[in-house]
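Everything below concerns the one structure shown next.
Numbering (the working numbering), first residue to last: 24 to 274.
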């Protein structure tokens, strides 16, 4: 992960060596640390999260999940904590997406206040193919898209192009040049006081139905499913053969 400080802005670039930009424990801790740094800077107004190499983020780190089941459970809790924090931080959070977004990466984008995406970007929830449900993603995704688009993404597991994602509000703007779009946003966002940003986010959070109980239910279900025989078998098969669930023989 790379951090780049600019006037009033901290940019976080996910850049894992394998190109997957997955959300392992180390990455989640690094994102929390980036938030700590940005919030501690009285001049910072905006946190920009972006990927690299044509991938924004692919969610769960399967290598970590198969080698340490308790680590996967802790990862679910850390992911939900990050989603809550992104929703409450007195910073404007902008997700700048260029390329593939999957699983928890969809949640990371959906938790941002504003999502900018390029034409080639695609969003998918493949969890059902792994024997899972996107439990920890859905609370923030449904807030953005409403029930049916989120349900269709989870059930079909099919990638959704950026233009279609914009139609149901997962993406705020589809652009040819994400950098130009971010610069345009920063002209106004950097003029806001962090107190005002925090108050605005707090007010809108209060208008939504998700609560601590919602998050606790999501975590219980994630913990139950990640330890299920179907999920363990499919994740283990992938980590040993590199064969994705949709490439394997039908059950």
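Every residue, glycine too, gets a C-beta built ideally from N, C-alpha and C.
Quiz item: What does a CB cutoff of less than 7 Å around residue 204 pick up in its chain, not counting 5 residues either side in sequence?
Solution: 139, 196, 198
Quiz prompt | Simplified DSSP assignment, three categories, for residue 233 | solution = Coil, per DSSP.
Practice problem: Note down, in chain order, each residue of its chain lying with its Cβ closer than 6 Å to the Cβ of residue 118, except the 5 sequence neighbours on either side. | Solution: 72, 132, 135, 138
Quiz prompt | Check whether residue 39 and residue 82 have beta carbons under 9 Å apart | solution = No, they are not a contact pair.
Quiz item: What residue does the alpha helix (DSSP H) around residue 68 start on, and which one ends it?
Solution: Run containing residue 68: none; DSSP gives neither H nor E here.
Quiz item: Are the beta-carbon atoms of residue 147 and residue 124 separated by less than 9 Å?
Solution: For residue 147 and residue 124, yes; Cβs fall inside 9 Å.
Quiz item: In terms of residues, what are the limits of the alpha helix (DSSP H) holding residue 171?
Solution: 170 to 179
Quiz item: In whole angstroms, what is the alpha-carbon distance linking residue 143 and residue 121?
Solution: 7 Å
Quiz item: Leaving out five residues before and five after residue 47 in sequence, what residues of the same chain have Cβ atoms less than 6 Å from its Cβ?
Solution: 84, 87
Self-check item: Buried or exposed by the 16-neighbour rule on C-beta atoms within 10 Å, applied to residue 26
Solution: When all chains shown are included, residue 26 counts as exposed.
Self-check item: Three-pair Cβ contact test at 8 Å for the region 96 to 115 versus the region 211 to 220
Solution: yes
Exercise. Give me the Cα-Cα distance between residue 151 and residue 34, rounded to the nearest whole angstrom.
Key: 32 Å
Exercise. Using beta-carbon positions only, say whether residue 128 and residue 258 come within less than 9 Å of one another.
Key: no
Quiz item: Which one of 236, 194, 261 has the shortest CA to CA distance from residue 145?
Solution: 194
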